[in-house]
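Encoded as structure tokens, the structure appears first; notes follow it.
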Amino acid sequence: MSGNLLHRPPILRGPDGIGGALPALILIILFFVVPVVALLLRSVTEPVPGLQNYATLFGHGTYARVFFNTFLVATVVTAVTVIVAFPVAWMLAIMPPALGSIVFGIIILSMWTNLLTRTYAWMVLLQRTGVINRTLMDIGLISEPLPLINNLTGVTIGMVYIMLPFMILPLVGTLCAIDPMTLRAAALCGASPFDAFRRILLPLSLPGIAAGGLMVFVMSLGYFVTPTLLGGTSNMMLAGMIAQMIQSLLNWGLGSAAAFILLLVTMALYALQLRLVGAKRMTGGI
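For the sequence shown, the tail end lands on 276 under our numbering, and the numbers increase by one without skipping.
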């Protein structure tokens, strides 16, 4: 038996072990590189060869407004998501493990609910005769319904609700890694709760905020369903414009150019985060 094991042929592999990664490389080329190249070619060849599609996107006021609205919504959603997710993540980090597991399971369960169902639920809640407006009017806080849908407010509420788990998960991991004795030492040294948060807890949690914030921002840039249903045509985002160009107008060249710009922005943001995080690690987190 031992002789057979000693004389078994070595595992076949390519130079430098690339053979083991070859299936993954083939999948990446087929399902990412080839579609991206096809997208780029269509953006510069339809309807005629040239860069007229990109000139139209950056030179036309309507398209510029869509780009501005897209980045505005993504920025607002990311900021609000961080503000809402931080106390929830901190609560999960300090609460007893049994209770924390239940709350964590509820958060994960919300991610498994159909996206379209959740968006339609917010449409019912936010409309002028919805539960939120009726409740506020019944308790006397408002005298007439608030405009909570078909505007930036509705889009922000719906998208923040959907994005919260993607911000909470990396934040919980970062906050759980912080030694509680650090905050106790700060309190013993006379630091107020706000000072301990500003000078200790917040800086130590920045990696989780950066990871979750980038994920939420990038996902918000390409979101389609929620902004379309809760924002309406006056708050169109880039993904909705791309869908309209290709599905309704059959303008593949302009739609491909817009999609390629969105891809470049996403990759640039990811590269920026890698550079900042890498620089922070090299400097020891200072």
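Beta carbons are placed, not taken as given, at the ideal position from N, Cα and C, and that holds for glycine.
Remember, predicted model here, so these are calculated numbers, not experimental data.
**Request:** Out of LEU252, PRO183, MET157, PHE48, point me to the one whose CA is closest to ILE232's CA.
**Result:** For this step, residue 232 is matched to residue 242 along the sequence shown. If we check each option's Cα against that of ILE232, LEU252 comes out closest.
**Message:** Quick check: the segment 258 to 267 against the segment 50 to 69, are at least 3 beta-carbon pairs closer than 8 angstroms?
**Reply:** Fewer than three pairs of CB atoms, one per stretch, sit closer than 8 angstroms, so the segment 50 to 69 makes no contact with the segment 258 to 267.
**Item:** Unbroken alpha helix (DSSP H) run spanning TYR53, endpoints
**Value:** By 1-based counting over the sequence shown, the position of residue 53 is 63. First-last of the alpha helix (DSSP H) with TYR53: 51 to 84.
**Item:** For GLY230 and PRO217, believed in contact at Cβ under 8 angstroms, the rounded distance
**Value:** Translated into positions along the sequence shown, residue 217 becomes position 227. Translated into positions along the sequence shown, residue 230 becomes position 240. That belief holds up - the Cβ atoms of PRO217 and GLY230 are roughly 6 angstroms apart, short of 8 angstroms.
**Asked** When you compare only the Cα positions, how much space is there between ASN43 and ALA248?
**Response** By 1-based counting over the sequence shown, the position of residue 43 is 53. By 1-based counting over the sequence shown, the position of residue 248 is 258. Each residue's Cα considered, the two are about 9 angstroms apart.
**Request:** Please determine if the segment 176 to 189 and the segment 137 to 154 are in contact, where contact requires at least 3 C-beta pairs separated by less than 8 angstroms.
**Result:** In short, these stretches do not touch, since the Cβ pair count stays below three.
**Message:** Less than 8 angstroms between the C-beta atoms of LEU192 and GLY148, yes or no?
**Reply:** Taking the first residue of the sequence shown as 1, we reach residue 192 at position 202. Taking the first residue of the sequence shown as 1, we reach residue 148 at position 158. Against a cut-off of 8 angstroms, the Cβ pair of GLY148 and LEU192 comes out as no contact.
**Own chain, CB closer than 6 angstroms to ALA79, minus 5 neighbours either side, in chain order** = The sequence position of residue 79 within the sequence shown is 89, counting from 1. So the qualifying residues of the chain are ILE158, LEU161, VAL162, LEU165.
**Prompt:** When you compare only the Cα positions, how much space is there between PHE214 and MET171?
**Reply:** Working through the sequence shown from its first residue, we reach residue 214 at position 224. Working through the sequence shown from its first residue, we reach residue 171 at position 181. Going by the C-alpha atoms only, they are around 44 angstroms apart.
**Request:** May I have the straight-line CA-CA distance separating THR109 from LEU154, to the nearest angstrom?
**Result:** One-based indexing of the sequence shown puts residue 109 at position 119. One-based indexing of the sequence shown puts residue 154 at position 164. Rounded to whole angstroms, THR109 and LEU154 show a C-alpha spacing of 14 angstroms.
**Prompt:** Between the segment 125 to 139 and the segment 46 to 55, do three or more beta carbon pairs fall short of 8 angstroms?
**Reply:** Counting Cβ pairs under 8 angstroms, fewer than three are found: no touch.
**Request:** List the endpoints of the continuous alpha helix (DSSP H) containing PRO183.
**Result:** Numbered from its first residue, the sequence shown carries residue 183 at position 193. It spans 183 to 186 - the alpha helix (DSSP H) in which PRO183 sits, taken as one unbroken run.
**Asked** Between the C-alpha atoms of THR278 and PHE94, what's the straight-line distance to the nearest angstrom?
**Response** This structure cannot settle anything about residue 278, because the visible part of the chain is limited to -9 through 276.
**Within 8 angstroms, strictly: CB atoms of VAL63 and SER210** = In the sequence shown, counting from the first residue as 1, residue 63 sits at position 73. In the sequence shown, counting from the first residue as 1, residue 210 sits at position 220. Contact flag set, yes.
**Request:** Apply the 10 Å Cβ neighbour rule to ILE199 and answer buried if 16 or more other Cβ atoms are within range, or exposed otherwise.
**Result:** Here residue 199 is taken as the residue at index 209 of the sequence shown, counted from 1. Buried: at least 16 other Cβ atoms inside 10 Å.
**Prompt:** By how many angstroms is the C-alpha of LEU173 removed from the C-alpha of CYS179?
**Reply:** To locate residue 179, count along the sequence shown from 1; it is residue 189. To locate residue 173, count along the sequence shown from 1; it is residue 183. So the two alpha carbons sit approximately 10 angstroms from each other.
**Request:** Drop a sphere of 10 angstroms on the beta-carbon of PHE76, count the other beta-carbons inside from all chains shown, and report buried for 16 or more, exposed for fewer.
**Result:** Taking the sequence shown and counting its residues from 1, one reaches residue 76 at position 86. Around the beta carbon of PHE76, a 10 Å sphere encloses 16 or more other beta carbons of the protein chains shown; the residue is thus reported as buried.
**Request:** Go through its chain and collect everything with a Cβ distance to MET235's Cβ below 6 angstroms, but skip five positions before and after it.
**Result:** Position 245 of the sequence shown holds residue 235. Apart from the 5 residues on each side of it in sequence, MET235 sits with its Cβ closer than 6 angstroms to the Cβ of ASN241, LEU244, GLY245 in its chain, given in chain order.
**DSSP-derived helix/strand/coil call for MET227** = Reading the sequence shown from its first residue, position 237 is the one you call residue 227. In this structure, MET227 counts as coil in the three-state DSSP scheme.
**Message:** Can you tell me whether ALA167 is helix, strand or coil according to DSSP?
**Reply:** What you label residue 167 is simply residue 177 of the sequence shown in a count that begins at 1. Looking at ALA167 - three-state DSSP - the assignment turns out to be coil, as it is neither helix nor strand.
**Prompt:** So, is TYR139 buried or exposed, given that buried needs 16 or more other C-beta atoms within 10 angstroms?
**Reply:** Working through the sequence shown from its first residue, we reach residue 139 at position 149. Residue identity differs from the one stated: residue 139 is Ile in this sequence, not Tyr. Classification of ILE139: buried, given that the 10 Å Cβ count is 16 or more.
**Asked** Enumerated in chain order, which unbroken segments of the alpha helix (DSSP H) with a length of 4 residues or greater are wholly contained in the segment 120 to 169?
**Response** Scanning the segment 120 to 169 for uninterrupted alpha helix (DSSP H) segments of 4 residues or longer gives 121 to 128, 142 to 166, listed from N- to C-terminal end.
**Message:** Assuming THR68 and VAL206 are in contact, meaning their beta carbons sit under 8 angstroms apart, how far apart are those beta carbons, in whole angstroms?
**Reply:** Numbered from 1 along the sequence shown, position 78 holds the residue referred to as residue 68. Numbered from 1 along the sequence shown, position 216 holds the residue referred to as residue 206. Indeed, because the Cβ distance is near 5 angstroms, the residues count as touching under 8 angstroms.
**Message:** In this structure, how does DSSP classify GLY95 when only helix, strand and coil are distinguished?
**Reply:** Taking the sequence shown and counting its residues from 1, one reaches residue 95 at position 105. Of the three classes helix, strand and coil, the one that applies to GLY95 here is helix, per DSSP.
**Prompt:** So ILE357 and LEU228 are in contact, right, with Cβ under 8 angstroms, and what is the actual spacing, rounded?
**Reply:** The structure shown has nothing for residue 357, since the chain only spans -9 to 276.
**C-alpha gap between VAL150 and MET85, whole angstroms** = Counting from 1 along the sequence shown, the entry for residue 150 is found at position 160. Counting from 1 along the sequence shown, the entry for residue 85 is found at position 95. Between the alpha carbons of VAL150 and MET85 lies a gap of roughly 24 angstroms.
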